[in-house]
């Protein structure tokens, strides 16, 4: 699993937040997005697939200032 994802999950555990209830998404290069639900394996998704998995994250990444 991605080292940064592990660090985030460890920080959540430290704060008594169950990682199984957390979804994490991040933008990669060339239009790919990393997505992990709970302590599962990260998936690399296109924007359309991210939108199908988690509409909220897609909206956040599509937002413009």
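In our numbering, the protein residues as written are 11 to 75. Where a beta carbon is used, it is the ideal one built from N, C-alpha and C, also for glycine. From a predicted model like this one, the values you see are computed outputs, not experimental measurements.
Taking the Cβ atom as the reference point for each residue, do residue 47 and residue 33 lie within a distance shorter than 7 Å? Here residue 47 is near residue 33, since their CB atoms are less than 7 Å apart.
DSSP three-state assignment for residue 41, whether helix, strand or coil: Annotated three-state conformation of residue 41 is helix, per DSSP.
In the DSSP output, which residue or residues are listed as bridge partners for residue 60? None; residue 60 has no bridge partner.
Report the residue from 75, 20 and 43 whose alpha carbon sits nearest the alpha carbon of residue 63. Of the candidates 75, 20 and 43, the one whose C-alpha sits nearest the C-alpha of residue 63 is 43.
Which residue marks the beginning of the beta strand (DSSP E) containing residue 53, and which one marks its end? In the DSSP assignment, residue 53 falls within the beta strand (DSSP E) that extends over 53-55.
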